[in-house]
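4 protein chains.
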Amino acid sequence: MPESTRRNPQVHRAILDAAWDLTAAGGWAAVSVDAIVARAGVGKRTVYRWWTGKAAVVLEAFLDRARANPVTTRATTAEGLLRAHARHFADLYVDTVLGRVFTGLLGAAQQDPDLAARLEEHWFEPRRAPVRAAVREVAGPDVDVDLLLDLVFAPLHYRLLTGRRPLDHTYADAVVTSVVRGVLG
Amino acid sequence: MPESTRRNPQVHRAILDAAWDLTAAGGWAAVSVDAIVARAGVGKRTVYRWWTGKAAVVLEAFLDRARANPVTTRATTAEGLLRAHARHFADLYVDTVLGRVFTGLLGAAQQDPDLAARLEEHWFEPRRAPVRAAVREVAGPDVDVDLLLDLVFAPLHYRLLTGRRPLDHTYADAVVTSVVRGVLG
Amino acid sequence: MPESTRRNPQVHRAILDAAWDLTAAGGWAAVSVDAIVARAGVGKRTVYRWWTGKAAVVLEAFLDRARANPVTTRATTAEGLLRAHARHFADLYVDTVLGRVFTGLLGAAQQDPDLAARLEEHWFEPRRAPVRAAVREVAGPDVDVDLLLDLVFAPLHYRLLTGRRPLDHTYADAVVTSVVRGVLG
Amino acid sequence: MPESTRRNPQVHRAILDAAWDLTAAGGWAAVSVDAIVARAGVGKRTVYRWWTGKAAVVLEAFLDRARANPVTTRATTAEGLLRAHARHFADLYVDTVLGRVFTGLLGAAQQDPDLAARLEEHWFEPRRAPVRAAVREVAGPDVDVDLLLDLVFAPLHYRLLTGRRPLDHTYADAVVTSVVRGVLG
DNA sequence: GCCTAAGCGAGACGGTACGTCTGGTCTTAAG
DNA sequence: CTTAAGACCAGACGTACCGTCTCGCTTAGGC
Chain D
1 MPESTRRNPQ VHRAILDAAW DLTAAGGWAA VSVDAIVARA GVGKRTVYRW
51 WTGKAAVVLE AFLDRARANP VTTRATTAEG LLRAHARHFA DLYVDTVLGR
101 VFTGLLGAAQ QDPDLAARLE EHWFEPRRAP VRAAVREVAG PDVDVDLLLD
151 LVFAPLHYRL LTGRRPLDHT YADAVVTSVV RGVLG
Chain A
1001 MPESTRRNPQ VHRAILDAAW DLTAAGGWAA VSVDAIVARA GVGKRTVYRW
1051 WTGKAAVVLE AFLDRARANP VTTRATTAEG LLRAHARHFA DLYVDTVLGR
1101 VFTGLLGAAQ QDPDLAARLE EHWFEPRRAP VRAAVREVAG PDVDVDLLLD
1151 LVFAPLHYRL LTGRRPLDHT YADAVVTSVV RGVLG
Chain Y
2001 MPESTRRNPQ VHRAILDAAW DLTAAGGWAA VSVDAIVARA GVGKRTVYRW
2051 WTGKAAVVLE AFLDRARANP VTTRATTAEG LLRAHARHFA DLYVDTVLGR
2101 VFTGLLGAAQ QDPDLAARLE EHWFEPRRAP VRAAVREVAG PDVDVDLLLD
2151 LVFAPLHYRL LTGRRPLDHT YADAVVTSVV RGVLG
Chain F
3001 MPESTRRNPQ VHRAILDAAW DLTAAGGWAA VSVDAIVARA GVGKRTVYRW
3051 WTGKAAVVLE AFLDRARANP VTTRATTAEG LLRAHARHFA DLYVDTVLGR
3101 VFTGLLGAAQ QDPDLAARLE EHWFEPRRAP VRAAVREVAG PDVDVDLLLD
3151 LVFAPLHYRL LTGRRPLDHT YADAVVTSVV RGVLG
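Chains as they are written, first to last, in the numbering used here: chain D, 1 to 185; chain A, 1001 to 1185; chain Y, 2001 to 2185; chain F, 3001 to 3185.
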């Protein structure tokens, strides 16, 4: 994500593609700066000039692809909106390269505060913002929208990360319904 | 976790302590088999004889310490029980060595299915079981208790892992209340 | 040249051989720790455990081979002794792998005092010593033997290093004769 | 040494000065094209346009400074002439920046035939020529002057390069005397 | 009370990846 | 066309860990 006037776009692209392909082929563990460099036919120096290391490259490659999948919904109720986003979450990550990259990034972010910050800034927050705004509009003013978003999205991430129980539309719907209406009412 | 008649308990202890101390001092990244071996005054072979690697050692050290902190509550309602466990979660992990080790383990588990399975078996499930049983007793029969537990504990983990917003009693209470009664009622 | 009880002799040999073969094939410039490691099928760490770098490895390989070429002469006069050694010098280095390695080492030693010291200790001095002793015996007591050796061997090295004029038996003989009898007498 | 009509003299100067200053400050190893470029405030391309690399730049800087130290003597005998040149050699190189640069160049020339040729052409030969001519005049016609020069200057270079024994006027005189009169008479 | 199997400290070993460095080529924009 | 600036490929550098292995020492049990 650094800036420069002279950056060579082909090289930039080749590096991101190499990182993506490597992750797709062998998962997070298959990616290394050495491997990226070899596959992209690029000098090591070039990678370290523009990124801090493997995580930064993979993050950018991830953002690149993930941004191509915006949520589209015409729902007009808070529940409908949340349901649409929850289902989209499942579709986006479950059994996809994107999902594997994402969990890799989340794992690495545990030991890399800088990566965590970039993830928050360039992924979590941009995704939350429109949902937050939309929900705030249709929900009453005394609703804690951020808490609501946590309650919906945290379980989805939880299932994604633990990977031991299914994360499908059924589960997404159940989460949204329960959160909106209360479990023990 | 392995078995043997001949295992030397002092050595076993020394290794776990070394792993723990290293994590306490420098975080997950400061731990390596080489470092453990150096600090414990132990042969590398000995570590690999009884564990599969650094993650397994740290996991055992973690379980060792974490089990010393059981939840105690005399609550008799589902909401009270959940609140007690949610608050205990915050106390246990926030700004503690235990918390740092835990997030390290969760991060590593993203790339290590075996570690993930052990975590589930030896930590998540043993912790869930009594809560599940207790809640099932006081809640009605038509409540999806597992979903309920997800809804409560996932947000807590979420905050712990992202680390960007506070995870305190206030938040724990808010989560439990909202989940039980519904956010939009 | 370090010592250890546990050193694996096969590995030691393989590294020296690799260094030698690389120099023979492509000269001093073709040798690098990476190349040695690749050719010997050895870990990088193993090279750096026993040597300080490429120069140290090549030096040892050089000494290894060079020691197999002792000077043999039955000369009983100072002039005869010196002539034998001068001719041997030419035979040993001119158009031989040994010669190329030697000049490489001398070149590197200009920027590496440690290498220079090792060369002096393990090569120059052990070669000088017997000649010095032998010459001292047959020459009178008021002869500066070390100066004499300089006067004979320096020109030989000079031709070897500059490489612009031939270094053959004719030249070796001329040097010895001139030094012994005086040029302008 | 290259030629061009458009060459900018200030830039030329700045590069030579940078190379010289770097060598003076940190020795041969401290010089690199990158370092020269940084210190001279010059583009890398500019250096490679006019020189073949670091060695060529340093060589030119060396010649530039060294030529400012001509030998002056009114000696009329061969021995006197040689003695003057031998002493001048010691003064010029021992414990001087010039000496350090010179040994660096000689070291590099071992792996760089082009550099060796330039050294011979622009330094060794121009220095030898006048001495050769002068000596030839005063010495008889049957003296091998080139051999004589070798015998005198080689030991001086030898001491300079090995650096393990002193190279002073006493040594210079001893060499000249011995060579002229013969060591063993 | 041996004796043989194991656990054990020590650490060498083949590997892979790291992040830094230099060399030499090439591109861009200003003059 | 020269220059400053610097991106770029290439690849060596020396370090850190990993997980396997081999060495002797010591310490159990089984005899």
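Ideal Cβ positions, reconstructed from N, Cα and C, are used throughout, including at glycine.
Straight-line CA distance for residue i to residue j?
| i | j | result |
| --- | --- | --- |
| Y/A2078 | F/L3148 | 21 Å |
| Y/V2175 | Y/H2157 | 12 Å |
| Y/V2135 | F/G3107 | 31 Å |
| D/P155 | A/S1178 | 14 Å |
| Y/R2013 | F/V3037 | 43 Å |
| Y/V2033 | Y/R2049 | 12 Å |
| D/D95 | F/G3053 | 54 Å |
| F/R3127 | Y/L2151 | 21 Å |
| A/V1180 | A/A1116 | 29 Å |
| A/E1121 | D/T73 | 39 Å |
| A/A1109 | Y/P2009 | 41 Å |
| Y/R2007 | A/K1044 | 19 Å |
| A/V1031 | A/E1060 | 14 Å |
| Y/G2182 | Y/R2067 | 33 Å |
| Y/A2139 | F/F3153 | 25 Å |
| A/D1114 | D/D114 | 28 Å |
Ordered along the chain, which non-local residues of its own chain (more than five positions away) have a Cβ less than 8 Å from that of residue i?
| i | result |
| --- | --- |
| D/R159 | R165, P166, L167, Y171 |
| Y/D2173 | R2083, A2086, R2087 |
| D/R186 | Beyond the ends of chain D as shown, which are 1 and 185, falls residue 186 of chain D; an answer cannot be given. |
| D/E3 | Reliability fails at D/E3, whose pLDDT of 40 lies under 50, so the model's placement of it is uncertain and the value that follows must be treated cautiously. If we look at D/E3 and ignore the five residues flanking it on each side, it has no Cβ neighbours. |
In the DSSP assignment, find the unbroken alpha helix (DSSP H) run with residue i in it and report its ends.
| i | result |
| --- | --- |
| A/G1099 | 1097 to 1109 |
| A/R1128 | 1125 to 1138 |
| Y/P2141 | Looking at the DSSP string, Y/P2141 is not in any alpha helix (DSSP H), and its letter there is neither H nor E. |
| F/G3026 | 3009 to 3026 |
| D/R39 | 33 to 40 |
| A/P1113 | 1113 to 1119 |
| A/W1050 | 1044 to 1050 |
| Y/L2081 | 2078 to 2093 |
| D/L59 | 54 to 66 |
| Y/V2175 | 2169 to 2181 |
Which residues in the same chain as residue i place their Cβ atom closer than 6 Å to its Cβ, once the five residues preceding and following it in sequence are excluded?
| i | result |
| --- | --- |
| F/A3075 | L3081, A3084 |
| Y/F2089 | L2156 |
| D/W51 | V57 |
Can you tell me which of the options puts its alpha carbon nearest to the alpha carbon of residue i?
| i | options | result |
| --- | --- | --- |
| D/D144 | D/R132, D/A55, D/V33, D/Y48 | D/R132 |
| Y/A2029 | Y/G2140, Y/T2177, Y/G2163, Y/G2104 | Y/G2104 |
| A/A1129 | A/V1071, A/D1114, A/D1034, A/V1180 | A/V1071 |
| Y/W2123 | Y/R2065, Y/V2097, Y/G2053 | Y/R2065 |
| F/D3021 | F/T3052, F/P3126, F/G3053, F/F3062 | F/F3062 |
| D/L119 | D/V97, D/L161, D/A55 | D/A55 |
| Y/R2100 | Y/G2053, Y/T2162, Y/A2035, Y/V2037 | Y/T2162 |
| A/L1098 | A/T1052, A/R1039, A/A1025, A/Y1048 | A/A1025 |
| A/T992 | A/G1140, A/F1102, A/P1113, A/L1092 | The structure shown has nothing for residue 992 of chain A, since chain A only spans 1001 to 1185. |
| A/D1112 | D/A40, D/G27, D/G182, D/A19 | D/G27 |
| A/V1058 | A/V1180, A/R1006, A/L1016 | A/L1016 |
| Y/E2125 | Y/D2146, Y/E2060, Y/G2140, Y/A2139 | Y/D2146 |
For residue i, which residues from the same chain have a beta carbon less than 7 Å from its beta carbon, with the 5 sequence-adjacent residues on both sides left out?
| i | result |
| --- | --- |
| Y/V2011 | V2042, T2046 |
| D/E137 | none |
| Y/N2069 | L2092 |
| F/A3035 | L3022 |
| F/D3142 | none |
| A/H1169 | R1087, A1090 |
With a threshold of 6 Å (Cβ to nearest heavy atom), would residue i be considered close to the ligand FMN?
| i | result |
| --- | --- |
| D/L82 | The ligand FMN is not part of the structure shown, which contains no ligands of any sort. |
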